[in-house]
Amino acid sequence: YSKHLVVTNFGPGESRIAIPRLLYLTYVQNHAGAFGLFGTQPWFLVGMALAVLAVFWFAFREQAARSLLVRIAFGGIVGGALGNILDRFHYGYVVDFVDLRWWPVFNVADSCITVGVALLLLASLQRDRATAPVQSPR
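Quick note: the sequence shown, position 17, residue 36 per our numbering, numbers continuous.
1) Is SER143 helix, strand or coil when you go by DSSP?
2) Span of the beta strand (DSSP E) holding VAL117?
3) Considering only their Cβ atoms, is the gap separating ALA83 from ILE132 smaller than 8 Å?
4) Shortest alpha-carbon distance to ALA92 belongs to which of HIS23, ALA137, PHE29?
5) Leaving out five residues on either side along the sequence, give the residues of the same chain with a beta carbon under 6 Å from the beta carbon of GLY98.
6) Once DSSP output is grouped into helix, strand and coil, what is the label at ARG40?
7) Which residues in the same chain as GLN60 place their Cβ atom closer than 6 Å to its Cβ, once the five residues preceding and following it in sequence are excluded?
8) Thinking C-alpha only, which one of ALA37, ASP129, LEU41, THR45 is nearest GLY95?
9) Among the residues of its own chain, which have a CB less than 6 Å from the CB of VAL134, if the five just before and after it don't count?
10) Could you name the residues of the same chain whose beta carbon sits closer than 6 Å to that of GLN160, not counting the 5 residues immediately before and after it, in chain order?
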């Protein structure tokens, strides 16, 4: 919904101040991948996103059955990826609009993916700590 609001109320490249010196809303039509990587091949990018989702699923599906944190992480990653994939199908590009001025413009779906990956890393660290052998003092 946030992307639709931007597309219908902003012109491409248009920027507005949301919070002075902190947050701007800037409509960017992102034809490339994250941070402008991987060129402008939408079908390649969609295929890559689906492949990454499949790898995550196979790598973490057993943990997801046992861990609420992993399920939340998957929700963020899958939801964010699907949001961006739907953009590519609907618009031919991903709608980005969150502009901090010191970082590339991104969107809520990107944030969900980033937080989801961070939560997966946290879950992996917790699992590693829980399964590490206990050393007895000598």
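Glycine is no exception: its CB is placed at the ideal position from the N, C-alpha and C atoms.
Judging by the given coordinates:
1) helix
2) Segment 113-118, the beta strand (DSSP E) holding VAL117.
3) no
4) ALA137
5) Excluding sequence neighbours, GLY98 sits near CYS131.
6) Under the three-state reduction of DSSP, ARG40 is assigned to coil, being neither helix nor strand.
7) none
8) ASP129
9) GLY95
10) Because the chain is modelled from 20 through 157, residue 160 falls outside the range shown and cannot be assessed.
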